[in-house]
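Student: Quick one: the structure is below, questions incoming.
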Amino acid sequence: MTRTPLRPLARILNARQKGENPDSIERENLRLRHEVMRDKSRGSAQLRLVFLALFFFGVFILIGARMGTIAASEPVEPRTASAGSEIDAGRADIVDRNGRVLATNMLTHALYVQTRDLIDPARVARELARIFPDLDEKTLLRRFTDGRSFLWVRKVLSPEQMQQVHEIGDPGLLFGPREMRLYPNGTLAAHVLGGSSFGAEGVNSAEVIGTAGLEKFEDARLRDPAQAGTPLVTSLDITVQAAVEDVLASGITMMNAKGGAAILMDVNTGEIVALAAGPTFDPNDRPANPTSGDPSDSPLFNRAVQGVYELGSTFKIFAAAQAIELGLLTPETLVDANAPMYYGKFKINEFEGHNYGPMLSVSDIIAKSSNVGTAHIAMMIGGERQQAFLKALGLFDASPVELVEAKGAKPLRPARWPEIVTITAAYGHGISGSPLNLATAYASIANGGIKVTPTLLKRTEPMQGPRILSKAVALQSVAMMRRVVTEGTASLGDVPGYAVAGKTGTAEKTRKGGGYIKDKVVNTFASVFPANDPKYVLVVTLDEPSENTGSKPRRTAGWTAVPVAAEIIRRAAPLLGLRPQVEAATLDGLVAVKN
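The numbering used here applies: residue 368 is where the sequence shown begins, and numbers increase by one.
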């Protein structure tokens, strides 16, 4: 930077020549220099002030925006930051085939305590025990003061309970938001849905996991965040399900049964439209699993799937159908039915000592439910072919239905298969299965002979399965079962307008040490309707029923399971869209009247 001298030599010399004072030149230059310096300083100061003003203006804008955001947000409890991953609490809904909700989620709150923040632990314990009668005041106070810093009090609160806790006013009581599983229909379809509980938990959320039934089987699908907004569509029809459960519960009571099960299945798709078991429970308040005693005594026991029973005479149609398919017989072929029948040391009788022989047609054997006639048919088939056919019907394997309980309910069959087993298995003794196994086998006959795979999920594509029977034999089998209702052991199962076909089965329960209990039976009626164009299979099973309106108890399926099934069909068929077929009135007996 070039500075101008205060006393330039040329000007000083010039001033002296003119007689002027050279000091004035220095003063003037000094004044000018000071003015330049002052102007530069003023510009710098002004620039600093502008920048400072902009800085403070920006800070005030940020503070105002933050205060506005906080004022507009919902208040939340403070949370501790952690390195763990956030809990994903989302879970997809479960709906019936028409989109009606079976299981959904509801926002609720949990109650926890930061004990170091409690002002009056004794008062808090007293007030909480008043709000929640199941909590003990002394236990709460001990836990508040034993040195722990964190304590769960309730995992789920109702809005009323939350308000009451809030009114206690102690800062140590805190609420954590979370989603809980809600079953809006209460006990409806409880054994299908199963239930859920909380998995990983935090103060701000909790993971909902399936504990039984469909909730557990489809747990990964229901918890998948990518599908949280897409409901799981079941094959159930909630209206039909309600009707089936209502009739079954009434039937269990009226028939003095220990429990029962009912399965309604579409024979062409394998879709289960209704599955009920009784007694039942509310999945919103699922009871604890039993730790001792007979599992079937618990309402959690799903008799439709977990109940593995000898199903008695319902198996007889399998022997008849297979023999006709093999070309050994026709429905009109006469078979030895002379009772009793002896096989070595074994004696085979008919029910209550009847003798339907000496000869019966295959159709009559099914209608009258002849053990001896069925035994002779089984001997014609042979054990090896019989086993192959029963296995093809799905009677040797656990049902592949989407319930976790089904996997552990594998049918029971003898390790060895001598000819006496061939005989007894033909009429449902010495071999056990679940009502769902039986419903699947009957559906495979009713649909024209195509193997059915049962499902609780709505099918969007036609079912593909191998052929087990020819269509002609399947139709003949249904026709023989129709005679069971019109002429045989299931006469109480006839429903006007809906041609019902089916087969009864009465089986004595087995003792743990071997043998049978005479006065404890499992009764089953496996039915198909309408018989002229089968659409549905209904299996009703009652555990230890006894119809006591007569002079002595009646424990056969014809008196117990059959009327219950008939009432289910009477109520469910219209809901399924089936129109009753009214027979045309005849003109016999009419006389013309002259005017």
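Glycine included, C-beta positions come from ideal geometry on N, C-alpha and C.
Taking C-beta to C-beta, are Ile498 and Gln531 nearer than 8 Å?
Tutor: Against a cut-off of 8 Å, the Cβ pair of Gln531 and Ile498 comes out as a contact.
Student: Check this for me: beta carbons of Ser801 and Val675, under 8 Å apart or not?
Tutor: For Ser801 and Val675, yes; Cβs fall inside 8 Å.
Student: Tell me which residues share the same chain as Ser449 and place their Cβ nearer than 8 Å to its Cβ, disregarding the 5 neighbours each side in the sequence.
Tutor: Its pLDDT being 43, under 50, Ser449 is placed unreliably in this model, and the value from its coordinates should be taken loosely. None.
Student: Per DSSP, Thr697 forms a beta bridge with which residues?
Tutor: In the DSSP output, where bridge partners are listed per residue, Thr697 has none listed.
Student: Whole angstroms are fine: how far does the CA of Arg398 sit from the CA of Arg415?
Tutor: Each residue's alpha carbon lies about 26 Å from the other.
Student: Assign Arg834 to one of two classes, buried (16 or more other C-beta atoms within 10 Å of its C-beta) or exposed (fewer than that).
Tutor: Arg834 comes out exposed.
Student: Pairing CB atoms from the stretch 697–709 with CB atoms from the stretch 586–600, are three or more of them under 8 Å?
Tutor: Touching, no.
Student: Hey, which unbroken runs of the alpha helix (DSSP H) at 4 residues or more fall wholly within the stretch 730–768?
Tutor: Here the runs fully enclosed are 738–748 and 750–759.
Student: How about Ala782 and Lys818: are their beta carbons less than 8 Å apart?
Tutor: The answer is no: Cβ separation not under 8 Å.
Student: State the Cα-Cα distance for the pair Gly711 and Val739, rounded to the nearest angstrom.
Tutor: Roughly 15 Å separates the two Cα atoms.
Student: Pairs of beta-carbons, one from the stretch 642–649 and one from the stretch 748–755, closer than 8 Å: are there three or more?
Tutor: Not touching, per the Cβ criterion.
Student: Quick check on the DSSP output: the beta strand (DSSP E) that includes Asn890 runs from which residue to which?
Tutor: Tyr883 to Phe896 is the extent of the beta strand (DSSP E) around Asn890.
Student: Does the beta-carbon of Leu524 have 16 or more other beta-carbons within 10 angstroms, so that it is buried, or is it exposed?
Tutor: Its Cβ being crowded by 16 or more others within 10 Å, Leu524 is buried.
Student: Put Gln948 into one of helix, strand or coil per three-state DSSP.
Tutor: Here Gln948 sits in coil by DSSP.
Student: Taking the CB atoms as reference points, tell me whether Lys589 and Ala773 lie closer together than 8 Å.
Tutor: The identity of residue 589 in the sequence shown is Leu, whereas the question assumes Lys. Contact flag unset, no.
Student: Would you mind sorting Ile966 into buried or exposed? The rule is 16 or more other CB atoms within 10 Å of its CB.
Tutor: Residue coverage of the chain in this structure runs from 368 to 962, which leaves residue 966 outside it and unanswerable.
Student: Consult DSSP for Lys522 and reduce its assignment to one of helix, strand or coil.
Tutor: Note: Lys522 maps to strand in three-state DSSP.
Student: Going by other Cβ atoms of all chains shown within 10 Å of its Cβ, with 16 needed for buried, is Ser766 buried or exposed?
Tutor: It counts as buried.
Student: Can you give me the start and stop residues for the beta strand (DSSP E) that Glu568 sits inside?
Tutor: First-last of the beta strand (DSSP E) with Glu568: Gly562 to Glu568.
Student: May I have the straight-line CA-CA distance separating Arg521 from Ala477, to the nearest angstrom?
Tutor: Roughly 6 Å between the two C-alpha positions.
Student: Helix, strand or coil, according to DSSP, for Val675 in the structure here?
Tutor: Of the three classes helix, strand and coil, the one that applies to Val675 here is coil, per DSSP.
Student: Mind reading off the beta-carbon distance from Arg545 to Thr475? Whole number of angstroms is fine, and I expect it under 8 Å.
Tutor: Indeed, because the Cβ distance is near 6 Å, the residues count as touching under 8 Å.
Student: Is it the case that the Cβ atoms of Arg850 and Ser680 are separated by a distance below 8 Å?
Tutor: For Arg850 and Ser680, no; Cβs fall outside 8 Å.
Student: Going along the chain, which residues of its own chain have a beta-carbon closer than 8 Å to the beta-carbon of Val840, five neighbours each way excluded?
Tutor: Answer for Val840: Ala688, Ile691, Glu692 and Gly816, listed in chain order.
Student: Got a sec? Which residues, its chain only, sit under 6 Å from Ser452 by beta carbon, not counting five neighbours each side?
Tutor: Since pLDDT at Ser452 reaches only 45, below the 50 mark, its modelled position is unreliable, and no value is offered.
Student: Kindly indicate which three-state DSSP category Tyr709 falls into: helix, strand or coil?
Tutor: Three-state DSSP puts Tyr709 in a strand.
Student: Check this for me: beta carbons of Glu677 and Gly514, under 8 Å apart or not?
Tutor: No. Outside cutoff.
Student: Suppose you measure from the CA of Thr447 to the CA of Thr554; what does that come to, to the nearest Å?
Tutor: In this predicted model, Thr447 has a pLDDT of only 46, less than 50, meaning its place in the structure is not dependable enough to derive any value.
Student: Considering only DSSP beta bridges, list what Lys919 is partnered with.
Tutor: Partner(s): none; Lys919 has no beta bridge.
Student: Should Gly815 be flagged as near chain E, meaning a C-beta pair shorter than 8 Å?
Tutor: Looking at the structure shown, chain E is missing, and only one protein chain is on hand.
Student: At a cut of 8 Å, does the stretch 571–583 reach the stretch 604–611 through at least three beta carbon pairs?
Tutor: Short answer: they don't touch.
Student: Could you tell me which of Asn890, Arg653 and Lys870 sits nearest to Lys625, measuring between CA atoms?
Tutor: Residue Asn890 is the option with its Cα nearest to Lys625.
Student: What residue range does the beta strand (DSSP E) around Gln831 cover?
Tutor: No beta strand (DSSP E) contains Gln831, which DSSP labels as neither H nor E.
Student: Per DSSP, which residues does Glu638 bridge with? Please list them.
Tutor: Note: Glu638 sits in a beta bridge opposite Thr822.
Student: State buried or exposed for Leu803, treating a residue as buried only when at least 16 other CB atoms are found within 10 Å of its CB.
Tutor: Looking at its Cβ environment, which holds 16 or more other Cβ atoms inside 10 Å, Leu803 is buried.
Student: Give the straight-line distance between the Cα atoms of Leu942 and Val852, rounded to the nearest whole angstrom.
Tutor: Roughly 23 Å between the two C-alpha positions.
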